[in-house]
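Protein chains in written order, with this note's numbering: chain A, 1 to 326; chain B, 1 to 326; chain C, 1 to 326; chain D, 1 to 326.
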């Protein structure tokens, strides 16, 4: 099932249901939904190895926050989203306040659709150096926080995991929060969905280049990942639209047996491969984003930084934190 | 035929042929092709009103330069493309050296896929102020050149045409060269094609918001437009892939009469509308670009500035011009 | 007295007092001071031609808002400064709500110390196009606002005044608000002072290149200028420090008659010229700014945009306006 | 003598001579000068501990390349400077081609005057990942190169040295090349001088905040530093101008005994302290740069990247390297 690229556990469960035709519970996966101030929050818990294989995601928790848009929002919606993010981080993270938190902003700051991580890092309220050098000031802060935007392999020549591991070995954080841009299957997910997970992250996995994962196994410390889909790959997106269009033709009642027999002969994999072939060689590996991505990243990085900052400095008000990151 | 959004005359002629099934000459349209150092150059001349209506483009010349990529290029390819651009500009433009040339960079500099125009303006070799204030220096320059990036309606609150007209009335240029990002029908055109035309330009026309045109009628001076497709709209792109995929199914010989009868019942317009409906309401007006657009715009703006600068300062060598814009 | 470069009327009055030795009122100049939430507000009114010559400033009003810093501020200080700016704009401007306001952001966006104007323009709540095309929306806004960042002569080849005049002739605003970076005499003014005046502005005047002024005479409409000192020229700054140091030596009581007689022999102009000569040829025209200018411009442009937006849209709350410019 | 802030060994030797009044050789310091295509190259070798203390610089080599400007240069001058830099790097570095080279870009990319390092990193021809994953491609490259812009303490909360040490422990480079913006004593050094040294570098040392050094002692690998002065501190600059102005007064012959006796009573330290006091509290720690710093950093980072790239990939021509970094 990995042929359709998505980094979202929620889309993986959707695809599993489409493929199996089952609409109810999935064995080994616990799903709960709630609505908080217009934000749809879905908690997906992958409980066992079997379920993990089924949806191609490690055992663990995946929380999705969905809004109509994360881009064109009012100040109230901005604050609501920050608070929902803080609240879900509190749910998924069991903080050890005695050790620093390392926020890692993955991605390439020079590519708008990949700049989410570095942009969040620039808005983090960083305090670790105050704890080390200015204890009188650090009293105001609940957490010792440091942050790093390690860059991408093509620019550094070094695997992201190597850089982060080198730094964690020296900083010895109690928690790594990794922020990255993700790939979704559906283009309408772009700039509308935030995923939090406690299973770590595989830099670049969503867009075709698997690098070594950032996770407890590799770093020796818990890794919570926060991501927002910013891209879809052309073949996945087209395939989905193709299916939806054929469904619409079927449902319109105009469909004869003929078309069904053709489509039914093709397995999902075959159809996906066919579309890939049609789009080759020119579209091939193309990864698409939306025209407004630059502006959206400014907004969304602010939401994520706001959520993470208020989570980490829990004794400060929203306004106090804004003063530091004005 | 205007339902499929494209700013390229070349794609309009392709669509005309697809729609009519005619593969030969089109009445009222003269097309010639040549290959220059790996660059495919197509000159499309729309000769009369009838042809103009057929392909939804004003009477005039449209030249397309196509390369495998304008993004990942060597220094030699960069220079070849600059020279081809200079050469086609010389073909289409009859320069009056006694008046200044105004280069207008359309688009929003804060949106990567729309920033081509402003980026070109920043690399122009601007000389008009030297002609006015420092005649001893201006002797080295063949043309008096000025440049303007007027911004976009959403940021200025003023129609681009109003700003440009206000400035042309004062500067009184002999020629306006307008540079803009375009919309294509096919995603593989993004960052591979340059279109030059002598019919002016309609800012934003390719992406759904028609503004008043920059052309001889509105500005009272010849307007040559240079554009590069940077976006496709989601519905147009999906529709094209859908067609190609169905063709592939047909050609595979697996196709029964049934499917053909269904597809044949749908006119092009109906199918396009159906896909639009399928993608609504979430994808709707989405305008897509490629993930690498930021880097590509840096490269391509350099090519266009290089081509225009060498065209305008025809007595200077390529290296001399590079010295000014290093 | 124009040899010491400053754009601030307040510094001109200070210099006049230093030069004349008079500490009381200046004939033809009305000065009043107040303190508003830690912000020192000085209103200087130049009443007649004689006073105008004395301090090298056109007849009119000059208001200075001074804080310890405009850079490292809390959210409360940010809002206080916005409100003070709004209040002083209300004092100096007699609004005609029936015509649009044109906000002009002068300066070069690629030079941090000169980017104040363009940065403010990007944060303006622009509404004129809504008034023209979407009257149902424009009802929420008190003023029709448009904005323009015309660029600088070296990049456009066109005098700023020409561009602005071309646009005002088409837009026919009732008021132009021009925002620009200024030159101060004292480096401690950088990023601490905002000047508002109703006498227009001379782009680049503070840094040695006089361009045609933006004012009622040239544009045919009232021009209110808002500026913040971001640079000092090296000679002016050094001269001032030299004076202060000599004063300190004198006041230390260590001074013999000898040194006084030498210094006294030199007129102010001679000493200034001497320092200029000492710094020549290498330092010469150098214009200095502070290392933190980039960050400071982000903050200060936000303050000015906040003040102007709340002034222009007087029926909206601060938070409503922030929603638009988040 | 460390009270006057400079990172340049050349300025330290100048100050030593001024302070001692000796104009000839300095014991324990070997100085040689040459002129290469208009570029003045000075090699300063600090030979023993005694000399090291005298000029406050570790034992080792310091090479200075000086041009009239590194900012407004022609393409020929750009290439000459790259070649001179390559040549001096070859002189100072004894390359072990079997291990990767790590280029570290120190500084804050969001502060123009501090962004030299990060800007150079972005223009490095990075090859280490090719050596690891694509040996067929890496054959074209003489050196395995990786690069890192670790950020600054205020943004990361982690000492630069800690990050670099963490990464070097994993990458195990044979050489670290560290690029940083420097502080000079004289403002005319800004954007005109490049210093290369083989003694490592102390991030931030020139501007008042001493961090742990990057050098063989801390990293266990040779560190070559490349720096360009981009700032001066206000007190140092003023003090120098004060001295020069007093000298000019003296030399003008107008000087009486009186002034000499006052000035002579003040030691250098006292005078420096006096000026610092005069400038306090407002100017205090102010660090100054020039207005054009943004543009200059673009040019100068290109020169340094060009010099380092041609040095590291010695089998490639200048044009081949430019193709990669176009």
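Beta carbons: idealized from backbone N, C-alpha and C, even for Gly.
| Item | Value |
| --- | --- |
| Contacts around residue 30(C), its chain only, beta-carbon distance under 7 Å, and the 5 residues preceding and following it disregarded | 45, 47 |
| Chain C contacts from the segment 92 to 122 of chain D (Cβ-Cβ distance under 8 Å) | 110, 111, 112, 113, 114 |
| Neighbour list for residue 231(D) in chain C, Cβ cutoff strictly below 8 Å | 291 |
| Contacts of residue 273(C) in chain D (Cβ-Cβ under 7 Å) | Near residue 273(C) there are no residues of chain D at all, since even the closest Cβ is about 11 Å away, more than 7 Å. |
| Short CB-CB distance (under 8 Å) between residue 323(C) and chain A | yes |
| Pick from 115(C), 235(C), 93(C), 57(C) that is closest to residue 186(C), judged by C-alpha positions | 235(C) |
| Neighbour list for residue 160(A) in chain D, Cβ cutoff strictly below 7 Å | What residue 160(A) touches in chain D: nothing, since even the nearest Cβ is about 11 Å away. |
| Closer than 8 Å to chain C by CB, residue 155(D) | no |
| Beta-carbon spacing of residue 196(B), residue 226(B) below 8 Å | yes |
| Stretch-stretch touch, CB-based, cutoff 8 Å, three pairs: the segment 29 to 43 of chain C with the segment 56 to 71 of chain C | yes |
| Sub-8 Å separation of residue 26(D) and residue 6(D) beta-carbons | no |
| Contact with chain A by residue 80(C), beta-carbon distance below 8 Å | no |
| Chain-order list of residues whose beta-carbon lies under 7 Å from that of residue 83(C) (same chain, five-residue window excluded) | none |
| Proximal residues of chain C, C-beta to C-beta of residue 127(B) below 9 Å | 157 |
| Backbone CA spacing between residue 149(D) and residue 104(A) [nearest angstrom] | 14 Å |
| Sufficient close CB pairs (3 or more, under 8 Å) joining the segment 305 to 321 of chain B to the segment 138 to 146 of chain A | no |
| Assigned secondary structure, residue 62(C) (DSSP; H/G/I helix, E/B strand, else coil) | strand |
| Sub-8 Å separation of residue 178(D) and residue 223(D) beta-carbons | yes |
| Proximity of residue 232(B) and residue 190(B) at Cβ, strictly below 8 Å | yes |
| CB of residue 238(C) within 8 Å of CB of residue 241(D), strictly | yes |
| Closer than 8 Å at the beta carbon, the chain A residues around residue 285(B) | In chain order: nothing, as chain A lies at least about 10 Å away. |
| Cutoff 8 Å; reference residue 201(D); Cβ partners in own chain excluding five residues on either side | 106, 178, 180, 213, 214, 215, 223, 225, 227 |
| Residue 297(B) at chain A interface by Cβ criterion, 8 Å | no |
| Test: residue 7(D) CB closer than 8 Å to a CB of chain B | no |
| Secondary structure of residue 118(A), DSSP reduced to three states | helix |
| The segment 53 to 76 of chain D: positions lying closer than 8 Å to chain B by Cβ | 73, 74, 75, 76 |
| Three-state class that DSSP yields for residue 85(B) in the structure shown | helix |
| Neighbourhood of residue 92(C) by C-beta, 7 Å cutoff - its chain only, sequence neighbours within 5 removed | 61, 63, 196, 198, 224 |
| Neighbour flag for residue 347(C) against chain D, beta carbons, 8 Å | Nothing can be reported for residue 347(C), as the shown portion of chain C is limited to 1 through 326. |
| DSSP state of residue 159(D) mapped onto helix, strand, coil | coil |
| Run of the beta strand (DSSP E) containing residue 195(A), from where it starts to where it stops | 193 to 197 |
| Where residue 85(A) meets chain C, residues with beta-carbon distance less than 9 Å | None at all; the shortest Cβ gap to chain C is about 16 Å. |
| Per-residue DSSP class, three states only, for residue 44(B) | strand |
| Pick from 273(C), 287(C), 10(C), 298(C) that is closest to residue 33(C), judged by C-alpha positions | 10(C) |
| Contact with chain C by residue 42(D), beta-carbon distance below 8 Å | no |
| Neighbour list for residue 149(D) in chain A, Cβ cutoff strictly below 8 Å | 151 |
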